[in-house]
Structures are given as structure tokens and as C-alpha cells.
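Going by full-length UniProt numbering, the sequence shown opens with residue 1, and the numbers climb by one from there. Here is the structure we will look at, set down as C-alpha cells.
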Amino acid sequence: MSSRNTTITRAADRVDAIAQEPFHQSGTQPGGRRASGFVSALIDIFKHRELLRLLVNRELKARYKDSSLGFVWTLIRPLVMLMIYYVAIGQFLGAARGIPVFAIFVFCGLTLWNLFSEIVATGTTSILANAGLIKKVYLPREIFPVATIGAALFNFAVQFLVLIVGAAALGALTISWQLLFIIPALAVTLVYGLALALALSALNVYLRDIQFLVEVGLLIFFWLSPITYAWSFVVQTVPSWIEQIYLLNPMTNAMLAFQRAIWGPGSHETLVEQADGSFTAVPGQPWPADMALHLLIVFLVGVVLVWVSHRIFRRLEGNFAQEI
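Spelled out as C-alpha cells, the structure:
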């Protein structure tokens, strides 16, 4: 861990050194006009991949600076949230009696949601947080919201490892083809996180209230996603047309796919212990029909939104240096 912290510290120092370099004309490459287009932006970021790595390392170092526990804090917050939801919703409200292995079910949702919310929240403030670099040297500005994805993925990897170990220990993890649903679940989460991070980071430069609106929006969509309650609850309590509207939420589709991959009891009938000590058979989760097709459509729509968000970003980035 100490060698890891040393590497991150050195990376942060190198990025800070870049900020001290002589000023170049902001917004264009030294010696030429910046090329436009989504593909050219990808090429530009690839050319600066070393800087991208340094920015990710700096983000991680800054987050746990002067912390005795360091990366352990990556687990503390979701575990505390898990405990609260397990006691308040699972035990007090009785949700655990209808959802087998409730702790794994909730932690499964929290793990994926934390990835998405971290990308969106930190991505929104990424341009303002790197004002010193943007004002002094040429950099493809998209690299800052993209760097937040790298840091978020590191935290996700730590939580995901704990989730897998816990699911296996409690018998909730089933080795089957359904584990493949992890891939589209992550793909949808990342593509929508990137789309929102690009657009919101640019808008936040001009309207600083955006970052506070994002906090409220994430809170609303947290409860509109099947994280602390099962999809079966939605099916049983709302009309079919509301169910279809509910499925328009991309994180609902990603969450259901992630749960289907890791939360094994959701796919078959399970005996769940009740408050009086008896056991009740709980049927498997009624997963949406054609889930794979839904995920593909949602992903493709997300790719289009990334392109649209990038157009918004390029349209607004011209005056970043003046506004920040």
C-alpha cells in the first residue's frame, strides 16, 4: 500500500508541475487550431494517455490525502449505507422477508450505483477543479471528465471484490452464463456516466448551480432505481404502462442486469426466514422480457448521447479559461 501511495504522490507532483509550465494559448493547440469531431477527440485523448493516467492517480491521492485509513474509506461509506438500509428497510420495514440474501441484494445495487454517481458528481466539477491546468497549458479538456471515470473504476473494483467474496460466502453467487450480464451492466453505466459528465462539466462552468442540481437529481434517481427494493415490487404494485416508463431509466436496466449476474437467489425460488422463525418460499425475480435486447438498445442510445454531449462540450469549451 505504501508503494502504491508513493506512486500516486509522484504522479500528483508531475501533474502539478505541468500547471507551472509557461502559458500557451488556451483552447487551441500550440501552433494550430484544435480539430473538431468526436473521433479526433478520442485520438487526442489517446495521445495524452500518460497525462490521463497521472490525472487519475492525482484524483485518488487528493481524495485520501492525509488519511490514516487511505483506500479503506472506499469501503466504509458503502458498508455503512448497507447497514442502514439493511436495518431500516430490510428489518424494520420487512423487505428482507421478501428478498432472499437481502444484504447482497442491496450491496449489489450500491456498488453499481456508487460507480455511476461518482462519475457524474465528480465529472460535473472536473473542469472547475482543474482550472489551473486549463488556464496555463493546452490540454484536450475532455480528459478531465474522462479521468474521473478512471478514479471511479478503481473504487468500484475494490467494492466489487468485496461484493463477490461476500456473495460467494453467503451462497448468493451462482456460476452460470448469467455472469455475462456484468458486461452490459457496466457498459451502460459507463456510457451514460460519461455522457452526463461531459455535458454537465461544461454547463457547470457557466452555471455553478448545476453541481447542486446534480446532487438532487442523483438522489431522486437513486430511489427510482431498484437498489433497496426488488423489481418484483414494481411489477406487483404499478400498472404495466408505468412499468414500461420505469424501464426507460437506463440505470434500472443496468441494475437489473448486474443483480441478475451476481444475486443468484433472484433467478430461482428460495426459502427465506420470517420473523417468527418459519421459512417461506419466495419465487425468483420476474426479470423483464428480452433483457439483453433492452440493454443493447439502451447502450446504443447512450452512445448517441455521448456524441451529443461531446458536441455540447465542444460548443461551450471556447470560453472556459475566461469563465473559470
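Just so you know, even glycine gets a beta-carbon here, dropped at the ideal spot from N, CA and C.
Check: What three-state label does DSSP hand residue 238 in the structure shown?
Finding: In this structure, residue 238 counts as coil in the three-state DSSP scheme.
Margin query: The alpha helix (DSSP H) that contains residue 200, what's its start and end?
Written below: 182 to 206
Check: Is residue 117 buried or exposed, if buried means 16 or more other CB atoms sit within 10 Å of its CB?
Finding: Classification of residue 117: buried, given that the 10 Å Cβ count is 16 or more.
Check: residue 294: which of 322, 317, 246, 215 sits nearest, CA to CA?
Finding: 246
Check: Shortest alpha-carbon distance to residue 227 belongs to which of 210, 112, 199?
Finding: Nearest C-alpha to residue 227: 112.
Note to self: According to DSSP, simplified to helix, strand and coil, what is residue 85?
What the structure shows: helix
Notebook entry, point to check: When DSSP labels each residue in this structure, what does residue 302 get in the three-state scheme?
Noted result: In the structure shown, residue 302 sits in a helix (DSSP, three-state: H, G or I).
Next item on the list: Within the same chain, show all residues whose beta-carbon is closer than 6 Å to that of residue 286, passing over the 5 residues directly before and after it, in chain order.
Entry: 232, 235
Item checked: C-alpha gap between residue 177 and residue 261, whole angstroms -> 8 Å
Note to self: Here's a check: name, in chain order, each residue in its chain whose Cβ is nearer than 6 Å to the Cβ of residue 152, leaving out the five neighbours to either side.
What the structure shows: A distance below 6 Å between beta-carbons, with the five flanking residues on each side excluded, links residue 152 to the following residues of its chain, in chain order: 115, 118, 119.
Next item on the list: Please report the residue range of the alpha helix (DSSP H) in which residue 44 lies.
Entry: 38 to 47
Notebook entry, point to check: Should residue 37 be labelled buried (16 or more other beta-carbon atoms within 10 Å of its own) or exposed?
Noted result: Residue environment analysis places residue 37 among the exposed positions, since fewer than 16 neighbouring C-beta atoms fall within 10 angstroms of its C-beta.
Notebook entry, point to check: If we ignore side chains and look at the alpha-carbon of each, how far apart do residue 319 and residue 156 end up?
Noted result: Approximately 34 Å between the Cα atoms of the pair.
Note to self: Tell me the DSSP secondary structure of residue 263 in three-state form.
What the structure shows: Here residue 263 sits in coil by DSSP.
Notebook entry, point to check: Excluding the five sequence neighbours on either side, which residues of its own chain have a C-beta within less than 7 Å of the C-beta of residue 23, listed in chain order?
Noted result: Model confidence at residue 23 stands at a pLDDT of 41, short of 50, so the residue's coordinates are unreliable; what they give is reported in the following sentence. Here the set comprises 136.
Next item on the list: Measure the C-alpha to C-alpha separation of residue 162 and residue 186 and round it to an integer number of angstroms.
Entry: 17 Å
Next item on the list: Look at residue 55 and residue 143 and say whether their C-beta atoms are less than 8 Å apart.
Entry: With contacts defined as CB atoms closer than 8 Å, residue 55 and residue 143 qualify as a contacting pair.
Next item on the list: In the DSSP assignment, find the unbroken alpha helix (DSSP H) run with residue 135 in it and report its ends.
Entry: From DSSP, the alpha helix (DSSP H) with residue 135 extends over 131 to 136.
Item checked: residue 118: first and last residue of the uninterrupted alpha helix (DSSP H) it sits in -> 102 to 124
Checklist line | At least three beta-carbon pairs within less than 8 Å, the segment 189 to 208 to the segment 295 to 312 | finding: yes
Checklist line | Of the residues 220, 214, 106, the one placed nearest residue 90, counting alpha carbons only | finding: 106
Notebook entry, point to check: Which residues in the same chain as residue 218 place their Cβ atom closer than 7 Å to its Cβ, once the five residues preceding and following it in sequence are excluded?
Noted result: 117, 120, 121
Check: For residue 126, which residues from the same chain have a beta carbon less than 8 Å from its beta carbon, with the 5 sequence-adjacent residues on both sides left out?
Finding: 144, 145, 147, 148, 197, 201
Next item on the list: Alpha carbon to alpha carbon, how far is residue 138 from residue 33? Give it in angstroms, no decimals.
Entry: Residue placement at residue 33 is poorly supported in this model, since its pLDDT is 45, which falls under 50; the coordinates still yield a value, given next. Near 11 Å, if we compare the C-alpha coordinates of residue 138 and residue 33.
Notebook entry, point to check: Are residue 329 and residue 181 closer than 8 Å when you measure CB to CB?
Noted result: A query on residue 329 cannot be resolved here, the shown segment of the chain reaching from 1 to 324 and no further.
Check: CA-CA distance, residue 43 and residue 140?
Finding: Spanning the two alpha carbons is a distance of roughly 10 Å.
Item checked: Length of the line joining the Cα atoms of residue 26 and residue 323 -> Interpretation of residue 26 is limited by its pLDDT of 44, a score under 50 that renders its predicted location unreliable; the figure taken from the coordinates is listed afterwards. Taking the straight line from one Cα to the other gives about 12 Å.
Notebook entry, point to check: Between the C-alpha atoms of residue 85 and residue 204, what's the straight-line distance to the nearest angstrom?
Noted result: One C-alpha to the other measures close to 32 Å.
Margin query: Restricting to Cα atoms, I'd like to know which of 314, 256, 315 is closest to residue 292.
Written below: 256
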